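Taking it in order: structure first as C-alpha cells, then the write-up.
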Amino acid sequence: MAIISSLRHFLFLALLLGYGVFELEASHRIYEDLQSLEPTGITSTTRQQPYRTGYHFQPAKNWMNDPDAPMIYKGIYHFFYQYNPKRTVWGNIVWGHSASTDLVNWIPHKIPIYPSQPSDINGAWSGSATILPNGKPYILYTGINPRDDQVQNLVVPKNASDPYLRDWVKSPKNPLMAPTAQNQINSSSFRDPTTAWLGHDGRWRVIIGSKIHREGLAILYRSKDFVHWTKSQRPLHSAKGTGMWECPDFFPVYINSQIGVDTLVLDKNVKYVLKLSLDDTKHDYYTIGTYNQTKDVYTPDKGSVDGDSGLRYDYGKFYASKTFFDSAKNRRILWGWINESSSVEDDVKKGWSGVQAIPRSLWLDKSGKQLVQWPIKEIEKLRVNPINLSNKELKGGSVLEVPHVTAEQADIEISFEVSKFGKAEVLDPRWTNPQLLCSQKGASVRGSLGPFGLLVLASKGMQERTAVFFRIFKGHNKYIDRSIVESFGGGGKSCITARVYPTLAINGAAHLYAFNNGTESVKIARLSAWSMKKAQIS
Ligand code: DQQ
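With mature numbering (1 follows the signal peptide of the UniProt record, and there is no 0) as the guide, the letters of the sequence shown map in order to residues -26 to -1, 1 to 512.
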C-alpha cells in the first residue's frame, strides 16, 4: 500500500517539529521596566536583521499582537492589529492599520483607533468588523475605561466612500456594553467582540469572551440598531474548567464545499464553528457544531471537544486568530498572530516583536469533523526559480541537499511515497498530545518509517537545522521565512508554525535538505521548491 504524504513549507515547520521545544509564554505579560526602554534595532539593515521576515505581515517596528477586524471593503483588504507604537513589549495598546489589494503587499495607514474617550482611555483592545446590509463596516472593540473595566465600543468610518477607510469616528454612545452591578459580568474578563450576525427576528447578535471562575463564557448580546445592546440571560456557549475565553470567533462553514459563507447567511446547509483563544495556555481551539437560531444556543457535535484537548488550528505558535468572509472570492480567510520565542531583551535589541501567519483559506473537511487550511493562493506570486525533483529514493539514514533555493525564504511542496506500511511503529493510544510526542520522538530518534522530511534553515554542516518531518504510525506543504516555518500536512489538515532563530543558517548561508532517518527507504514522489521574493509590507 502506498501512502502519499505531502508537505508544504514556507520556511515554516514539522508536522513533527524538531528544533528545541515550543515555548508558550504569556503574551500580555507587563514589563514595566521595558516600557521605558527605546527599541534599538529598528534602523538596522536586513543583513543585521536576519530574523525580519520577507513576506509575513509585520509593522516596521515595535510590538504587534492580535489580528483585528480583517475585512474586504470596496475591493480593498483591510488588516488591523493590536499595536504598541512606543515599545517592543505589550503595552500602550492602540490599533495599527494596513490595506492591500492582494493580501500579500500592504500599505500602512495611520493609527485608526487610539485612546481618546473615557470608554477606551486605558487601551483600545481587540475587536471585529461587521459589514452591515447597507454595505458600511462597523467595528466593535474592547476599550479599557478609567477604572480598568473592560467595555465594548463602536467605531464607524468617517467617510464611507473612502475605500482605504483612513478615518474613523467613535460613537458618542460608547460604551455600548459594560459590566454593571445587575448583569454580573466580571469587569476584568469581558472582551473581544466578534463579527455580529442577524437573526431571523431582524436583531443583531454578537458574542464577547468572558469567564466566571474557571468557566469560559461566550456572552451573547442582541440589538435592533447596532447601538443599543441587551445582554441575553444565557451565553451562546460555555464550558467548565477552560478559563478565560479571549477572541471568540463564530462563523458558518458549508457542508461539502470549500466556498466560504458570510456570517450574515443563515443557510441550512452549514455547520458552525466556534473558535476560542484560551488565555491560560495561549492555544486557539475550535469546535464544530450546530447553532439553534430560535434558542440562540450553540452545541458542539458529539466528539467535538471544548478546551485545551480540543482541535487546534495550529499545533505551534498561533494565537488570538480571527476569520473574515472574503466576498470578492467567496472564501473564508483566517489570520493568526505568531508570537516570538526570543527573550524580551532580544526583542528590544531587534526593535520589533510579533508577526502574522500567512492568511489561510479555511473550510470544512469532507468528514465534517475538522477544518482544513491552506495558504492563500495569492502568496504563490512571490515564487521564483522553481526546483523540481521526482521519483527519488531516500534510503534509510540518508540526506539529500536540495540546491539552488534561497533556503532562508522559500516555499516547498513535497510528497513522499511509502510502501512498506506494515513496518510502521504502533501508535500508543496514550500519545494524544502531539507536542509531547514531538519532543519525545524528535527527528534524531530512529523509527522504521521515519522520521523523514525536510531539514530547513540548516547550516552547511547541519549543526544548525530545523526538521519538519513525518513519522508513520500504523501522512504536508511548508513555508520558510527567515525566522518562521509554517507547515501544512495532509493537504492542510494539520498545521504547525514555529519561530526559529538560526545563527549560522542566515543571509544566504541557509541550506535545504531532504532526509530520511528511518530504517526503511521512502520515495520523494515529488518535490517543488521556490525561492520567495520579498513582499511590500512596511
Ligand atoms: N489581546 C488583547 C485582548 C485580547 C488579547 C489585548 C488576546 O483584547 O483578549 O491586546 O491576545
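All residues carry an ideal CB built from backbone N, CA and C; glycine is no exception.
The structure displayed is predicted, hence computed values, not measured ones.
One alpha carbon belongs to Val68, the other to Val322, and they sit about 19 Å apart. Counting along the chain, Asp223 sits inside no alpha helix (DSSP H); it lies in the beta strand (DSSP E) bounded by residues Trp219 to Tyr228. In chain order, Trp178 and Trp203 place their CB closer than 6 Å to the CB of Ser197, counting only its own chain and leaving out the 5 sequence neighbours on each side. Residue side-chain check: Gln126 keeps its Cβ at 7 Å or more from all non-hydrogen atoms of ligand 1. Not one heavy atom of ligand 1 sits closer than 7 Å to the Cβ of Gln330. When DSSP states are grouped into helix, strand and coil, Gln414 belongs to the helix group. Note on the segment 264 to 325: whole beta strand (DSSP E) runs with a minimum of 3 residues are 271 to 274, 293 to 300 and 305 to 312, in chain order. Of the heavy atoms belonging to ligand 1, none sits nearer than 7 Å to the Cβ of Ala192. Assigned with DSSP and collapsed to three states, Glu189 falls in strand. With distances taken between CA atoms, Pro137 lies nearest to Ala73 out of Val459, Tyr475, Lys269 and Ala73. Just so you know, the alpha carbons of Ser317 and Val346 end up roughly 33 Å apart.
Met45 is a Cβ neighbour of Ala103, given a cutoff of 8 Å. Pro111 and His52 have their C-alpha atoms spaced approximately 11 Å apart. Shown here, Lys242 sits in coil according to DSSP, grouped into three states, outside any helix or strand. Close CB contacts of Pro360 within its chain, under the 8 Å cut and outside five residues either way in sequence, are with Ser502, Ala503 and Trp504 (chain order). At least one heavy atom of ligand 1 sits closer than 7 Å to the Cβ of Ile67.
Annotation: the segment 96 to 130 contains the following complete segments of the beta strand (DSSP E) (minimum length 3 residues), in chain order: 98 to 105 and 111 to 118. When the Cα atoms are used, Phe54 and Thr116 turn out to be separated by approximately 14 Å. The Cβ atoms of Phe390 and Phe444 sit closer than 8 Å to each other. Nearest neighbour of Ser335 by Cα position, chosen from Ala192, Trp348 and Ser364, turns out to be Trp348. Taking a C-beta distance under 8 Å as the contact criterion, Leu478 and Ser433 qualify as a contact pair. Counting along the chain, the unbroken beta strand (DSSP E) around Ser72 starts and ends at Val68 to Ser74. By the Cβ criterion, the segment 250 to 261 is in contact with the segment 214 to 231, since at least three pairs of Cβ atoms, one from each stretch, lie closer than 8 Å.
Annotation for Phe426: the continuous beta strand (DSSP E) segment containing it runs Phe426 to Ala432. A distance criterion of 7 Å places the beta-carbon of Cys469 beyond contact range of ligand 1, judged by its closest non-hydrogen atom. Phe164 carries a strand assignment under DSSP once its states are collapsed to helix, strand and coil. Taken from the Cβ of Trp37, every heavy atom of ligand 1 lies 7 Å or farther away. In this structure, Arg456 and Pro107 do not form a Cβ contact; the two beta carbons are roughly 43 Å apart against a cut-off of 8 Å.
Secondary structure at Gly176: coil, using DSSP grouped into helix, strand and coil. Exclusion of the five residues before and after Lys507 leaves Leu356 and Val358 as the residues of its chain whose Cβ lies within less than 7 Å of its Cβ. In the three-state scheme derived from DSSP, where H, G and I count as helix and E and B as strand, Leu150 is classed as coil. Taking all protein chains shown into account, Thr268 has fewer than 16 neighbouring C-beta atoms within 10 Å of its C-beta and is therefore exposed. In this structure, ligand 1 has no non-hydrogen atom nearer than 7 Å to the beta-carbon of Asp94.
In this structure, the beta-carbon distance from Gln232 to Trp309 does not fall below 8 Å.
Here Asp40 is buried: its Cβ has 16 or more other Cβ atoms, across all protein chains shown, within 10 Å. For Glu438, the three-state secondary structure derived from DSSP is coil.
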